[in-house]
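In order, the protein sequences belong to chains V, E, R and G.
The first sequence begins at 1 in our numbering and counts up one residue at a time.
The second sequence begins at 1 in our numbering and counts up one residue at a time.
The third sequence begins at 1 in our numbering and counts up one residue at a time.
The fourth sequence begins at 1 in our numbering and counts up one residue at a time.
Idealized CB from N, CA, C, for every residue including glycine.
Being a predicted model, the structure only gives us computed values, none of them experimental.
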Amino acid sequence: MSEIREFDCRPNDQTGAESPLAWSLQRGPVPDADTQAGVTLRESAFMGHLILRGGAIVLDEAVREVLGINLPARPNTLTLDSTGERSIQWLSPDEWLIVVPGGEEFALEKALRHALGQAHFSLVNVSGGQTVITLSGPKARETLKKSTPYDVHPSAFPVGKGVTTIFAKTSVTLRQPKADCWELIVRRSFADYLYRWLLDAAAEFGVSVER
Amino acid sequence: MFHIYCPYCEEYREEEEFHPRGQAHLQRPADPENCSDEQWGDYLFFRDNPRGIHHELWVHSVGCRKFFNITRHTANYEILETYKMGERPSITAETLAADERQSGVQTASGGWQTVGARPEDEALNTEARA
Amino acid sequence: MQRYSGFGLVKHALNHHENWQRQWRNPTPKKQYDIVIVGGGGHGLATAYYLAKVHNITNVAVIEKGWLGGGNTARNTTIVRSNYLWDEAAALFEHSMKLWEGLSRDINYNVMFSQRGVLNLGHTLQDMRDIQRRVNANRLNGIDGEVLDAKGVQEIVPILDCSSRARYPVLGASWQPRGGVARHDAVAWGYARAADALGVDLLQNTEVTGFKIRDGRVHGVHTNRGDIEAKTVGCVAAGNSGVLAKMAGFKLPLESHPLQALVSEPLKPVLDTVVMSNHVHGYISQSDKGDLVIGAGIDGYVGYGQRGSYPTVEHTLQAIVEMFPIFSRVRMNRQWGGIVDTCPDASPILSATPVKGMFFNCGWGTGGFKATPGSGHVFAATLAKGEAHPLAAPFSIDRFHTGALVDEHGAAGVAH
Amino acid sequence: MTQIHRSSRGGRIDRSRELSFTFNGKRYTGYAGDTLASALLANGVDIVNRSFKYSRPRGIVAAGPEEPNAVVQLGASEAAQVPNVRATQQALYEGLVARSTNGWPNVQRDMMGMIGKLGGSFMPPGFYYKTFMAPASMWMTYEKYIRKSAGLGRSPLESDPDIYDHLNQHCDVLVIGGGAAGLAAARIAADSGARVMLCDEQEELGGSLLDSREALDGLPAPEWVSQVVTELSARENVELLPRTTANGYHDHNFVTLHERRTEHLWDTAPAVNRRPQARSRLHRVRARHVILATGTHERPLVYGNNDVPGNMVAGAVSTYIRRFGVVPGHKLVLSVSNDYAYRTALDWHESGREVVAIVDARATSRGELAEQARALGIRIINQSAVIEAKGSDRVTAARIARIDLDAFCVLGHEKTLSCDTIASSGGYSPVIHLSSHTGTRPVWRDDVLGFVPGDVKGMTSVGGVHGVFALKAVLEHAAEGARRALDAIGFESDSSAPKLPDVAERREEPACALFQVPHVKSAMRAPKQFVDLQNDVTAAGIELATREGFESIEHVKRYTALGFGTDQGKLGNINGMAVAARCLKRSIPEVGTTVFRPNYTPVTFGAIVGRHCRDLFDPERYTALHAWHVEHGAEFEDVGQWKRPWYFPRTVNGKKETMHEAVSRESLAVREKVGILDASTLGKIDIQGPDAREFLGRVYTNKWAKLAPGRVRYGLMCKDDGMLMDDGTTSCLAENHFLMTTTTGGAAGVMEWLELWHQTEWPELEVYFTSVTDHWATMTVTGPEARKLMSEVTDIDLSPDQFKFMDWREGNVAGIPARVFRISFTGELAYEINVQANYAMPVWKTLFEKGEKYGLTPYGTETMHVLRAEKGLIIAGQDTDGSVTPEDLGMQWAVGYDKPFAWIGKRALTRPDTARTDRKQFVGLKPRDPEVVLEEGAQIVFDPEQSIPMTMVGHVTSSYYSPNLGHGFALAVIKGGRDRLGQTVYLPMKDGVVHEAEIVSPVFIDPKGERQNV
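Next up, the structure:
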């Protein structure tokens, strides 16, 4: 596979690593833990993120073989493995987002390249460029309604759905991997803006930030 | 605010997720080196700009990032069809005109200031062009 | 024509205003005119007026499908300035500015031209470079203007947030003191009345349905009120230019887009000048009636609907409240849209066309109102002589084939 | 002061909760449930404002959003001021403070009123167009006074203490209006299981049922309303929004609703549980179907002095009596054109006050309500109308006369009836505003004497707005409309249970068309007959406009200002059109209709802005190293949405460096030692695929066929018009794998550009693009000591023959996997380090640990600009402006003239104008005076002696003082500049100073590029 340059950009030693939300949490404000909070916010930092591009027919089998989960073929859906730790999400007819526990991404990249052989596809590690922010709590949906024009009503946004859409003045990939759990995948450089937006939008419900 | 059916996401999304990118089906001259300044200028700058049915290129910027086509009425803003790149529209000004002639219905001409005014009279224009 | 004056007003008041004359006639179309102008907006009426006044050509009809001044003349935010970047545009708009300065007396109609000054704010270093470039060019072109720093801006507009707290702090501005606003409807009516008095026929509710073209030359127009002969036809129809061109069998390098504007409820005077910002994207002035007149953005799609997208209104008001936090509790009364013809280089077209005898004056994009007198003046000369007035020459359609564009996106960046 | 007009019982107010408030500095009391208007009426406050133009005293006329006069300034503190609040829509709260918006020194004794009285006749419509023209210089002075007397309320002068928010909503059925029609429709929609929203502008749901005399299912109307509201609010699929106005109806059934959440509580939004609440909220609703149930506005009649306080709309009088227990006078004369308005006389009579007479323009009145009135002994005078009100600060009498509707004249039988209140009703105008917002023309119906909505896709209008007025018919119409709506969106309505309440049918006689009432004098000479009260537009004014040739209704409106007020002509528009129609001898629909625009009623800017203000106005994008920059005192420059360090001022002996000092220090550090720049904001795109190389060759002007893995190349990107669009370096990572960089501002645009060409023009090329801008953090280590520093932190072989200029290598930097690129934007030896952004901070910190001994200096964008300019390197967007070709820049070396494919931009270069040899070309400028730093944007001339307008031949694009050169220098574009090297040009500045400069090569330092190559 000399035609594509593979590169493991993750060091073994994680000392000093800073997630996209590090600066926001350092600068604050970070609301105190609040048992009455309507919304709880948490960063799932340092996950492995890969963008896989290619034709579904080309990719499907290799993905199943390597990851053990199906490539979601239907638009705006996501599939998870049995542990719920690994997921593949449809982003466009020829683009998927794979999220796996941090540290697995390079091995996965190699395995997929191996499985795909000479097929035309592209696989790009974007782990440093985005992060996952999790929203939960009874007012999470209400907070989303303040922020995105996408319909988050249960009838329109069931568990297992994921979409890329407008969120305040940025874009996120919004998904509901399980009930009462919303994941917002946001670009690193917009993470602080999104954090401050969420604190502000959820303020009327009470918001707490889990570290 | 438009509600646009993305043919790739296969659902309606809000206009905020999209950007219009001008007239659809523009053809870049196949052999630019051998086309005249006139032809090149036409390709770069001259557009249909119709009052009525318009085929236009949009991109689902905040979404699947795919370009696709919309057939839209530029006066009442009704979207008649969206279709993928590489596909041809099934509704055009011509097909609609044919439908109208059959049903005897005249489409609304939103945006006109004078009641009863009509955008174009086909017969007269044919003469004008002749 | 009854001359208007304060004395006349008193006289009429004593007669219970029962003796005012019509401001213009409502004539029956003649079979033939020397020149037909298609489009009875400000530009078309001004063209007719200057044809009659400057060139003594009075056998002229202005054909308007609706009511006079009912297009963008009635829908714009009334800003007048001439601080354009490129020589060609600056010359044309400054020509217009000079005509504005004597217009009310010239046409005996108070168009309420209020030279309260126009600020174009800069929020980034590149904004300031562009402002300096433009103001330097303006100065050497004889157009008034200066570059202000943030403090200078604050002195002129105390209610503007010039603090460093702003997301994009105001770094400075260009300031054109001769710029300002005018009463848009009055411009159309004033020109209409003056043109009518010189013998021009203003044909309202008359719609051009086609052109008579033989051997590549125009011979007249078809209208819903019958055919009208004319060897010279000038199309000055703003948002409908593309439609007219199609009737005549050619395309223009234009797209028609909705440009939105909105007003607040009337307020006591609070803003004494015109403030425009390309970067945070909004512009504002206060009308004599007290409304804050706010220009919103242009929608990116082709649209003839005289309305636009709601997000555009949202973004505009965000910009206004960012610049003027005190306006947060003021309320928005109305929004509307105009249809603007935009050229790829954000400059107008004043040009002959592939059809002999047919001329187009269009493509003013977001900034046509301010050009009304100048546009009419040079277009009248163009129609009268059958060749482009020197100020109009750079704005021919040819430039889109030769590449000699007059790229005014910088100056016209914010719709205005 | 006691509430002299409060009846002893009745109304939906809570008499146990007394509220005190202040109006025009005077304290009053009202009750919970009052509006400010009902409380003012209860207290006998007749004059609430002065009119706009003539300063005439004005009282409350209506009870809803159509109120034109009672427009007040609200707010107890400066920051809480709200201009132009309609008292009829403002709920009373304890401590409310309001003032009239006009009137000096006060609304009772107004000086302007004198002027209005004396000067009124000199102020016909359009008078300002006919005067103030001479001398021209005086207009600005006149204008100052005109402006002062115009306007209504005033803007607050302090920042808004409140917050606002948005809620994005989606529903199957949006019901607009919570009156009889809306409630009935919502009930049926709810039963189908559809997602239903119901909004209503009033404080509580119920609409006109709240003051109705009728019974539903045997219950008084308000009780039936409570029952239905309770039932609906229990349903999960229904969202009820009282106090919420649908203000705009946009394309494809997008409707904005403005919910006033706290305005009934206090003038600023109170916190709840110490959590902030939004003062108001804008619901952005996407509805599959809209049921328009907005009802009607009653039209007053237009007669002489119909603006004197005490003249009211008939229905409003009933509303005040039945909802608020306020009878706004003692003796009523009711002037009507229809049956339904008779209810006002019944309500008045039942309150124990005197109905002097009902004056009915129709020849007979035998409807049910008329008979009831007759039975109560109320005097009914047919074929007559009030032609004029008497009184100045309050009505003292009504002048009535027999009239001929067809001939539009008074037939005599004049009487003057003593009274203090004249209520009038000219019929009911459907509230079609929202349906008009969509651009749909309304339709005139002679039977309704009004416009009803035209066909709007996805909308059904029901009840009053559709011209259906009688309660029983309204309910049936709403039910039928709801079923049709549900059917259209695929819901089944439960047809088995027609849940319509029992309502008695009411026998009514047809209304007559009466708008302007004739007077014994002509309209021009009669006492002022107001059509639009807020804008002081009179029937005479409209007549004058038509006389002057303003025949289109749009002209009439614009000439007279009819309908341009904050009420948007809700009361006056139809009457105005009727007057115009009469003058023009046409019918109303022939005169045309007016186009209603959003908003239906005014909406606070703040609510439309929502949270997108203050800190959240626009995102601030940060790099992974932002925390370090902040800690080290960086000043930031806004580049797009990014915050980039501009320079790093040091504080020496308590004194902070100026930018000039900091930049000099930073520049010297890079040229003499080593500096470091956070370049993470550059756009980065990963490109993979067998056709990647071919694709690059098509989008870049230069050649890519032979770039080997391990190598980097600078590229220019044009649009197809040949003008430079973006530039950057692209590295060949492997045969089919490239990493492209773009400018910071161009990143998103270039990404879309690549996708555009791939998706629309060349889908056959096998290549994919993925943005990695945020994934990689980029640090540029540059300066003569760069290699030494790098050698301390990396395992990469840095020897010049192994790692050459324009090479890239992989390895570890500070223990972190990194790609290092030997590219230079400074002209010095430079290494651009890319690491995964999560690990940028440890790398950056290690570099500083090791770099101290080499004098490692962080530098910002300003120093970057100086250094690159010394090398003649362009910045796209600063040295170019969309009118500059690669050839203009002298970059023919980066133009692949003989590439096989006609790459983007190539063809345009041979057009007559782009091929000119005297185009503006990119050059350097050296000021003759070494102390001078030319102004960026300064214009250049060849001949400084010429007169204005001067012939300008170019301008300065970049200009700095160079501490390395020891003088100022600049980059510029100049006509034919490259052939003029060595010549002198002139830069005439504003204060008369003319700078001289020599045209030189744009490369000022190290023209051979030896320093970056070491």
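In this structure, the straight-line span from the alpha carbon of G/E236 to that of G/V173 is close to 14 Å. By alpha-carbon distance to G/I999, the top candidate from G/K990, G/H955 and G/R1011 is G/H955.
Around G/L873, the same chain offers F825 as residues with beta carbons nearer than 7 Å, after the five sequence neighbours per side are excluded. If you look at G/Q688, you'll find it in the beta strand (DSSP E) that goes G683 to Q688. Of the residues assessed, G/Y145 falls on the exposed side of the cut-off, its CB having fewer than 16 other CB atoms within 10 angstroms. In the three-state DSSP reduction, G/A423 falls in the strand class (E or B). Sequence-ordered contacts of the region 86 to 113 of chain V with chain E read L91, S92, P93 and E95 [C-beta pairs closer than 8 Å]. In the displayed model, R/A192 falls within a helix according to three-state DSSP. Within chain G, the residues placing a beta-carbon under 7 Å from that of R/K289 are A150, ordered along the chain.
G/W642 has a beta carbon lying within less than 9 Å of a beta carbon in chain V. Judged by DSSP secondary structure, G/T22 falls within the beta strand (DSSP E) whose first and last residues are D14 to F23. Of all residues in the region 714 to 736 of chain G, those with a C-beta nearer than 7 Å to a C-beta of chain E are D720 and D721, reading in chain order. Under the three-state reduction of DSSP output, G/P944 falls in the coil class, being neither helix nor strand. For G/G815, the nearest beta carbon of chain V is closer than 9 Å to its own beta carbon. C-alpha of R/I397 to C-alpha of R/I349: approximately 6 Å in a straight line. Sequence-distant Cβ neighbours of G/R506 in its own chain, meaning closer than 7 Å and more than five residues away, are E368 and A470. About 7 Å separates the beta carbon of V/S122 from that of V/G54, a gap short enough to meet the 8 Å contact definition. For G/N102 against G/R50, the beta-carbon gap comes to about 4 Å, under 8 Å, which counts as contact.
Here G/C409 is exposed: its Cβ has fewer than 16 other Cβ atoms, across all protein chains shown, within 10 Å. Apart from the 5 residues on each side of it in sequence, E/E78 sits with its Cβ closer than 8 Å to the Cβ of R72 in its chain, given in chain order. The beta carbon of V/S171 falls within 9 Å of a beta carbon belonging to chain E, placing the residue at that interface.
Look at G/P927 here: in three-state DSSP terms it is strand. Bounds of any alpha helix (DSSP H) do not take in G/N43, whose DSSP letter is neither H nor E. When C-alpha distances from R/D201 are compared across R/Y191, R/T209 and R/K246, the shortest belongs to R/Y191. Segment contact: the region 134 to 147 of chain R against the region 248 to 262 of chain R, fewer than three CB-CB distances shorter than 8 Å; contact not assigned. When DSSP states are grouped into helix, strand and coil, R/C162 belongs to the coil group. In the displayed model, G/Q516 falls within a strand according to three-state DSSP.
Identification of residues in the region 897 to 926 of chain G having a C-beta nearer than 8 Å to some C-beta of chain R yields A908, R911, P912, D913 and T914, given in sequence order.
Of G/Q759, G/G352, G/S208 and G/L36, the smallest CA-CA separation from G/S7 is found for G/G352.
In this structure, the straight-line span from the alpha carbon of G/T440 to that of V/N125 is close to 51 Å.
Think of a sphere of 9 Å around the beta carbon of R/F400: the chain E residues whose beta carbon falls inside it are G41, D42, L44, F45 and F46, in chain order. In the structure shown, the three-state DSSP call for G/M717 is strand.
Contact annotation: the region 743 to 761 of chain G touches the region 715 to 735 of chain G, with at least three C-beta pairs closer than 8 Å.
Between G/E239 and the set G/D200, G/L265 and G/T681, the nearest pair of CA atoms involves G/D200.
Using a CB distance cut-off of 9 Å, R/V233 does not count as an interface residue toward chain E.
With contacts defined by Cβ atoms closer than 9 Å, G/R323 and G/L216 do not form a contacting pair.
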